[in-house]
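Those protein sequences? They're chains A and B, same order as listed.
Per the working numbering: the first sequence ends with 1347, consecutive numbering throughout.
Per the working numbering: the second sequence ends with 532, consecutive numbering throughout.
Built from N, CA and C at the ideal position, the CB exists for glycine as well.
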Amino acid sequence: MHTHRRKLKLETVGIYGISLMVAVIVLFPIYWMVATSLKPRVLIFAENPVFVFKPTLDAYLYLFSGGENFGQYIINSAIIATGSASLSLILGCLAGYGIARFQFRGRNNIAFWILSQRMMPPIAIAIPLFILWGAVGLSDTLLGLIIAHTAFNVPFAVFSMGSYFQEIPADVDEQGMIDGLSRLGAFLRISFPLAAPGVIATSILLFILSWNEFLLGLVLAGMNARPATVATTVFLPTSARETMWGESSASGVLLMAPVLIFALLLRKYLIRGLTLGAVRG
Amino acid sequence: MALNIHLLPSEHPSSSILFWIGLHSYELIVKGGFVSFVGFGNYVDALLSPEFQNSGSLTVIFICLAVGAEFVLGLGLALLLNKEFRGVNFLRAIIVMPLCMTPVSVGLMGKLLFESRDFGIVNYVLRFFGVAPRIWLQDPLWSLPVVALVDIWQWTPFMALVFLAGLHVLPMEPFESARVDGASRWQTLRYITMPMLRSLALTAFLIRVMDATKTFDILYVMTGGGPGNRTEVLSLHIYLTGFKWMHVGYATAMSFILLFSIILTSLALSRRAKI
């Protein structure tokens, strides 16, 4: 009995020890980047890491008023993410509803479709898109990036919304149609409001996907439509100077802040989407 | 789920354009582009080129390091988070953070932690344990594993969440009878938990392999392919060939080969997963 208790105690210690380690590994790098973005320049290069300092907003001020027009890039990113999330959501809701409610040939391959979308490396599509966008005048436009992101994110939207609509019994739509609604009316007035939590989770994930996207922005955007993810790379080292650590950290923090807020506030709703394709909803 | 090859050129217009450009010599350096038909020349050149082969093997090494570790650590983390103890909800909440974070930010963060010899926090901690400081990201041997480590930081939570979802829906009876029969924890894990999670594990593995093949952002930010081309994985190699050196036709041929190998790998893996 005594050894059993000691074993239990040891286990508790082990669990808390490992948990603490996990928490430190997850949180410390994020903390360190935030701290670096707030440090005076001299302290960033201190040989022994400085943990206590008087925070300064110099790096952030530089982003917005100094050399870089970072505010505009953030706005670009927000427009692109909002635009492509809305477009993907509309297409995803309609197609997802169709998949959930109707039987048709090829319906069962949809689950594979999301996997096939994951297979396509963006770099492979970037080159044809670059040539096409140049030919139709979409290169370096916000619209061009909205369309490109939508093309990549629609399969996720379809799959995600399809899984939410499948959870709503088809009877409720049919009841509405008996009461005189058209199919579209039943979708808009009955199923869509019932799927509201799914709509919110899906649209936030679509926003995050587009906000985080880097490669297509790098290839398809020049100065006009440059998203913030691409703009952060100007602080990387060049032949003339070293990395601008404070500024690069500040831009990294600005990029991840909205996403992390979403992640923490709406975690329960987002996890389903994050593991979509692996875990059957 | 029936599994067919859906990415044949005839079914996906974008990939057939890709294939078609790959058959051409397409140089963007000339204004308007210089295009001439070279047949399979680009494909042959790519397969024979030492740079392409180097990038290919780096990609495979990167995937093995990153996804292998994510798999093992993710399973461990899921088993931990599946217990009930004080603070577990806090842990469940924070592991979602890396998963959502902008990969470019994650790359900048990794660069900050690892890059410099003089002020990097990682070197500072390692010096504590008597390890000589080094410039990790410019080290021919260590740069790729360090980038893989950053990928592991970001994506282990994915594996953990998938396994956690799987553990939640497992039936209780086999575990109870195992305990009655006096099975050790390792035996329970090895002979009961793992077999029941098999299909889920393979799917998660497949998804991560496909995603890791496409890794671009953190490498672009952290190393840019260097030192030399020691971290120039395929996606980066294709990007540099197409958009820095402007050999669009050649780059496209390489991306077609990349796409094709991803499809073959996924088919092989998903056959095993029986999905």
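Contact under 9 Å by Cβ, residue i with residue j
i	j	result
A1089 (chain A)	L348 (chain B)	yes
A1223 (chain A)	L1282 (chain A)	no
L1320 (chain A)	A1294 (chain A)	yes
A335 (chain B)	L424 (chain B)	yes
F513 (chain B)	L457 (chain B)	no
N339 (chain B)	N486 (chain B)	no
V478 (chain B)	L1302 (chain A)	yes
A1158 (chain A)	A1267 (chain A)	Here residue 1158 (chain A) is Gly; the residue named in the question, Ala, does not match the sequence. Against a cut-off of 9 Å, the Cβ pair of A1267 (chain A) and G1158 (chain A) comes out as no contact.
F1280 (chain A)	A1147 (chain A)	no
L1342 (chain A)	F1196 (chain A)	no
R465 (chain B)	A323 (chain B)	yes
L337 (chain B)	I1091 (chain A)	no
G1318 (chain A)	M354 (chain B)	no
F371 (chain B)	L394 (chain B)	yes
P1188 (chain A)	T470 (chain B)	no
L515 (chain B)	L491 (chain B)	yes
G380 (chain B)	G506 (chain B)	For the record, residue 380 (chain B) in the displayed sequence is Asn; it is not Gly. It is not a contact, given that the beta carbons lie outside the stated cut-off.
R1333 (chain A)	A461 (chain B)	no
Y1139 (chain A)	V1238 (chain A)	no
Short CB-CB distance (under 9 Å) between residue i and chain B
i	result
S1317 (chain A)	yes
L1336 (chain A)	yes
P1259 (chain A)	no
L1157 (chain A)	no
N1142 (chain A)	no
R1184 (chain A)	yes
M1322 (chain A)	yes
M1289 (chain A)	no
T1122 (chain A)	no
P1263 (chain A)	no
L1153 (chain A)	no
E1233 (chain A)	no
M1243 (chain A)	no
Y1128 (chain A)	no
G1137 (chain A)	no
Neighbour flag for residue i against chain A, beta carbons, 9 Å
i	result
M429 (chain B)	no
K537 (chain B)	Outside the displayed range of chain B (258 to 532) lies residue 537 (chain B), so it cannot be described from this structure.
E372 (chain B)	yes
N261 (chain B)	Residue placement at N261 (chain B) is poorly supported in this model, since its pLDDT is 34, which falls under 50; the coordinates are not used for a value here.
I519 (chain B)	yes
I286 (chain B)	Caution is warranted here: a pLDDT of 49 is assigned to I286 (chain B), below 50, making its placement in the model unreliable, and the coordinate value is therefore given only provisionally. Not one chain A Cβ lies under 9 Å of I286 (chain B).
F513 (chain B)	yes
P266 (chain B)	Caution applies to P266 (chain B), whose pLDDT of 36 falls short of 50 and renders its modelled position unreliable; the value that the coordinates give is listed next. Chain A contact via Cβ: absent.
V388 (chain B)	no
P452 (chain B)	no
Where residue i falls: helix, strand or coil (DSSP)
i	result
L1250 (chain A)	helix
F294 (chain B)	strand
L1342 (chain A)	strand
F432 (chain B)	helix
V1118 (chain A)	coil
P414 (chain B)	helix
V1100 (chain A)	helix
A1192 (chain A)	helix
L427 (chain B)	coil
L1204 (chain A)	coil
I520 (chain B)	helix
V388 (chain B)	coil
Q1169 (chain A)	coil
G367 (chain B)	helix
K1105 (chain A)	coil
N1219 (chain A)	helix
D302 (chain B)	helix
E1313 (chain A)	helix
D438 (chain B)	coil
I1234 (chain A)	coil
T316 (chain B)	helix
A1112 (chain A)	coil
F342 (chain B)	coil
G289 (chain B)	For G289 (chain B), the pLDDT reaches just 49, beneath the cut-off of 50, and the residue's location in the model is therefore unreliable, leaving the point undetermined.
K471 (chain B)	coil
T359 (chain B)	coil
R1307 (chain A)	coil
M1186 (chain A)	coil
D408 (chain B)	helix
Point to revise | Chain-ordered residues of the stretch 340-358 of chain B with a beta carbon less than 9 Å from chain C | key: Of the chains in the structure shown, none is chain C; the protein chains are A and B.
Practice item. Starting from the N-terminal side, write out each stretch of the alpha helix (DSSP H) that is 4 residues or longer and does not extend beyond the stretch 473-502 of chain B. Key: 474-479 and 491-496
Review point. Where in the stretch 1260-1303 of chain A do unbroken runs of the alpha helix (DSSP H), each at least 4 residues long, occur, reported from the N-terminal end onward?
Key: 1262-1278, 1281-1286 and 1294-1297
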